[in-house]
Every structure is written in structure tokens, then in C-alpha cells.
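These protein sequence lines are chains V and A, in that order.
Once you know that position 103 of the first sequence is 103 in the numbering used here, the rest is easy, because the numbers rise by one and skip nothing.
Once you know that position 157 of the second sequence is 1157 in the numbering used here, the rest is easy, because the numbers rise by one and skip nothing.
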Amino acid sequence: MDKVVTIEEAIARHVRDGMTIAMGTGLESCIPFAAGHEIVRQGRRDLTLVGPVSDILFDQLIGAGCVARVIAAWVGNVGAGIAYSFRRAVEDGVPRPLAVEDHSNFTLALALEAAARGVPYLPSRTALGSDLVRGHPRLREVTCPFTGARLLAVAALRPDVTVLHVQRCDREGNAHLWGNLGVSLEAARAAGTVILTCEELVDDDVIRSDPNRTLIPGFLVGAVAVVPAGSHPSPTQGYVNRDDRFYDEYHEETRSRDGFLRWLDRLVLGTRDHQEYLARIGEDRIRRLRPREPRPAAPVSYGV
Amino acid sequence: MGDETGGATRRQIMVVAAAREIRDGEIVFVGMRLPLLGFALARALHAPRVIGLFENGVIRDAPPTGPLVTMGDPPNIAGALACTTLSDVMAYLQRGRVDVGFLGGAQVDRFGNLNTTWVEEAGRRTRLPGSGGAADIASLARRTVIVMPHERRRFPERVAYLTSPGYGTGRRWREEVGLIGGGPARVITSLGVLGFDRESGEMVLEQVHPGVAPDEVRAHTGWDLRVAPALGTTPEPTAEELAVLRRFDPEGAWTG
């Protein structure tokens, strides 16, 4: 089945008010900024966002008023530290109050993995005795039925939609990913459906040439949108490097609420789509983020 | 931070002290900034067989060749030994395969507990980024090394929120709550190097950096800090250590 649509269509069709959406699952790379911006443009509300590192994409969605709750291990600006819209929402309820379900990276990964494996929880030995566990809706200390050891049970977390930015996939959503994977695989397997944005749409033959690299099988995927540099300002290995300056500029410009609203108008609400966003960033600037020399992997043989 | 003491900056002294905590052949959970430089320095000098794990799923046996802001930057992936999932590297940690993990935080207390979740100053609560992988490293690594600037507000007697466990309320606490990792071994600050008392689990000043008096450290600590009877001075970085550091941080962005 051909699942290729525009990113506007993918968001319109699959992301509805009140849903739980996992994004930024690669941690600091392959963050689906273009998809997040489209969620802002379409004015979604009351979302629960899930991601281990809730980088400035979450900050933008929070500042835009789309978010009721964040489930994350770390929320901020990985380049510069504090994320101001997140802080304004948590501390002052601006533009609306924000609930936060705090996790460690491992407990968030296990919550998604439990859902991915179809079990109500998974046990672990992390975070015991920490304040993270106290009164937490999804973390509970339990006794091992076999050894009597004290363990932390992490309850399953099932996103309605997981959005991934990937290097390449075919029209059915069979996707090749490389580089660090973070919690992307668990998040995709746990979700009700997956939206892929990709750097390149490739023939089915390319996917079948290296099946070990097909980390997301197409049957999990609901929509595919071709969005080159869709992770900007975060990197996508082999396609676009990190725009470090962008994170610093965002940090400075969004210190005040007014500054944030001006930023949002200029780059998100005031742009029609990702192409216009990239044009506003500047073609030269994007070109300079492209890898200077290719570094291909040695081919492998699947000969019979 | 950054002021000169002899030939080296305080941050250079901190990185060198961090590197000296890594033994050859160890598996290290590496953080960004100073711990990453410590890993690079140890690998170049006394620990050529060290392996570094990054929580995003990257495994390396040598530092990246280009500068990094985050562990997901392309130079950290290119030339890595392996790239996998977060869950996989956390499993190595939980399985007891990680010898030492590096941590930082907004606050560390008398028993080495870390807070990166929220602080309260002048009645106003400030929300901080949260655990990330820190609670996991603190819970599960065989030992941890904490690296942070030494300021009174960062060294309270008891953290406002316990994000990442040290020795809780005392040495036996970890066993009581079910933690399997060994807990903090060292705290490397801008003023000195601290360890933990074997009996009580309380932080003890073991070394002061060159030019720092023990009273200065105590004045910047929020409780009555114990000083080891055999208090030493942190050895100055050698010319070789400084040369390697400059190679990895040529502009002094992290150690200037």
C-alpha cells in the first residue's frame, strides 16, 4: 500500500486533539521538527508529548499552547540548558498549565518497551529510593516473585502516534535507520500508528538490499512524508549536521514570552510549510550543514 | 571557574582529575563536556583500552575526531564501534558491566545524592531539566564520579529533590532500598577532590586544588564538611596532559 502523503496530510489525518504523541525518540538527533511545526500550524490542543530528551521541539509546542502534559526524562535546550517556554508553563502556567510526568531515560525506555512487548509492565533495578518513584503513576516498587529482591516495576506507555524522522524508506514505510537509535524502535512498536518523515524515498529494492537495516517494518507505519532536512536544527546522520548556532539563537530569542511569540510567528506560524521555513533559515546556511564528504559503509553480501 | 592556578585553569585541573579516575580496560559511561574530555585524556595517556558508552546508544573505543555539542552529533557516530538503542546500553549498566559513570548536577549533598529536577531560591521554585540518564547511572554503575562547580548553593546538606541516588541517608541505605550499583566514589569540584567515608557514607575532603585552602572549600559547602586527616593537594596537570587537552579542546570552550 502506498502511504506517501504530504506532511500536512499526515498530521491532519493522524494527529488529533488530546492524543499522546512520541517524538524526539532518537534523543538529540533525528528530531522530527518539521512534523512538530506542522502540528503547531494546524493548532492541535491538549496533547501529551512523550520523549526521553524533550529538546526545543517540545518547548516550541508547549509555548504554542498545544500541550497539556509532558512525559520525559529531560526537558530543556540540549545546547544551552534551560528551555524557557517549558519553565514558563510549569512555573507560571503560561500559556497554559503543564503537567509533567518525570522519568529517567531507562524508565521511559522500559515503559515504551513494555507496551511494545504487549505486557503491562517490565521490572528493573533503576531509580530505587529516588524521589522520581515517589507518588509516580507509572513507577512502583515491587518484590520479585522468584528471588524476593526489591525491583522497580515500570508500567507500559502506549503512544497513539510515534513520529520518526528517518534517513530513507520506501512507499510502504519500510525504513532504513542508522546512527544512534535512542528509544525509536520501542516507541514505533508501542504506538497505535507511526508517521515517518524521511530524507529520501527509495525503491523497495534498496530496502531489500540490506534487510538488517530495516529497523521499522512498514506494517507499523500509517503515513510517509518526504521532508528533506525535516530534522533541522537537529542532525540526521549522513544528510544534515547539527545547526548549533540555531539552539543558541533560540535560547536568546525566547527568554521572554514576547520573544518566543515573535520567534514562533517568524519561523512557524508565518511559514506555510517546511520549505518556506528552510528558505527563511537560508539556503546557504542549510547547504553548509550538509556533510562535507561521504563516509559510506562497506557493502555486505546477502548472496545465496 | 576558569581562573588560573599556576599553569592550568581550574577546569583543566578538573578534567585531569576526572581522567585519573579511569583505569585501563574499564567500561565507562561517558557524559558530555568535562567527562568526555576526561575520557579522551585517559584514552590518550594511561587507559588505551578504555571503552566509552553513551546513553543514546553509541559505543566508542576512542574519542570522536570532531567537536561535539551533543552525543548525537555526527562526529560521535562516525567511526564508532557500535550504534544501538538506549535500552541496550542501559542493560549493560544494569547487568553490572559498567565500571564507572560520570555525573553532574545542580546540587549534590552530604551523602552524594544529586538533584537535577527543581531548586527553590528565595521562595521561588525553579524547574530544572530533570534526570535524563543520571538516575540510571547513579543507581546502576559499579561506581560513579561526580563533576561540578563548588558553590555553597550547589552543596546543601540535603538535596531538595533526590533525582539520582548517592548514599541516601548513610552507607547502608543503598542496600536497604535495593540498589545494586556501588554509589559515588569521588566528587571532583572547582576547589578540590572529595571522597566518601567508608563507614558513614559522608563526603570527605581529600584533596584541595593548588592554591586553595581547606577553609575556602568548607566555606563553599552547606554543611560542616569533614576534612581527611591526610589532606593532599591535587597534582598539577603535567605538560603532557595539558598538551592532549589542548588537542581536544583547542579553543578552550570547555576548559578555558
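C-beta: ideal position from N, C-alpha, C; glycine also.
V/Ala153 places its beta carbon less than 8 Å from that of V/Arg140.
Annotation: the continuous beta strand (DSSP E) that includes V/Val142 extends over 139–143. Note that the segment 1109–1129 of chain A does not touch the segment 1078–1096 of chain A; fewer than 3 beta-carbon pairs, one per stretch, sit closer than 8 Å. Burial is judged here by how many other beta carbons sit within 10 angstroms of a residue's own beta carbon; A/Ala1135 has at least 16 and is buried.
The beta carbon of V/Ala188 sits closer than 7 Å to those of Thr162, Leu164, Val194, Ile216, Leu220, all from its chain and outside the five residues before and after it, given in chain order. Here the alpha carbon of A/Leu1179 sits roughly 29 Å from the alpha carbon of A/Arg1152. Bounds of the alpha helix (DSSP H) holding V/Arg41 are 33–41. When Cβ-Cβ separations below 8 Å define contact, A/Thr1065 makes no contact with chain V. Rounded to the nearest angstrom, the Cβ distance from V/Cys198 to V/Arg171 is 11 Å, too far for a contact under 8 Å. In the three-state reduction of the DSSP assignment, A/Ser1139 falls in the helix class, which pools H, G and I.
Put simply, the CB of A/Pro1074 is near chain V, with a gap under 8 Å to one of its CB atoms. Identification of chain A residues near V/Val90 by a Cβ-Cβ cut-off of 7 Å yields Arg1127, ordered along the chain. Taking 8 Å as the cut-off, the beta carbon of V/Arg13 is found closer than this to the beta carbon of V/Ala223. Distance check between A/Arg1020 and each of A/Met1032, A/Val1212, A/Arg1043, A/Ala1160 places A/Arg1043 closest, using alpha-carbon atoms only. Membership of V/Val94 in any alpha helix (DSSP H) is not indicated, and neither H nor E is assigned to it by DSSP.
In the structure shown, V/Tyr277 adopts helical secondary structure according to DSSP, grouped into three states. Nearest C-alpha to A/Leu1205 among A/Arg1218, A/Thr1144, A/Gly1133, A/Ala1122: A/Arg1218. The beta carbon of V/Arg213 is closer than 6 Å to those of His176 in its chain, skipping five residues each way along the sequence. Rounded to the nearest whole angstrom, the C-alpha separation of A/Ala1239 and A/Gln1012 is 12 Å. For A/Ala1017, the uninterrupted alpha helix (DSSP H) run begins and ends at 1010–1020, by DSSP. With respect to V/Val78, V/Val53 sits close: the two C-beta atoms are nearer than 8 Å.
The way I'd put it, the segment 82–99 of chain V doesn't touch the segment 116–134 of chain V; fewer than three beta-carbon pairs between them come closer than 8 Å. Here V/Thr193 carries a strand assignment [DSSP, helix/strand/coil]. Residue nearest to A/Val1108 within the set A/Ala1230, A/Leu1068, A/Arg1186, A/Thr1009 is A/Arg1186 (criterion: CA-CA distance).
Residue ranges of uninterrupted beta strand (DSSP E) with 3 or more members, entirely inside the segment 1040–1078 of chain A and ordered along the chain, are 1051–1053, 1058–1060.
The DSSP assignment places 67–75 as complete runs of the beta strand (DSSP E) inside the segment 49–91 of chain V, in order along the chain (cut-off: 3 residues). Taking the Cβ atoms as the reference, A/Thr1065 lies roughly 11 Å from A/Pro1074, outside the contact range of under 8 Å.
Separation of the CB atoms of V/Asn180 and A/Gly1132 is rounded to 14 Å, and the pair is thereby denied contact status at 8 Å. For V/Gln237, the three-state secondary structure derived from DSSP is coil.
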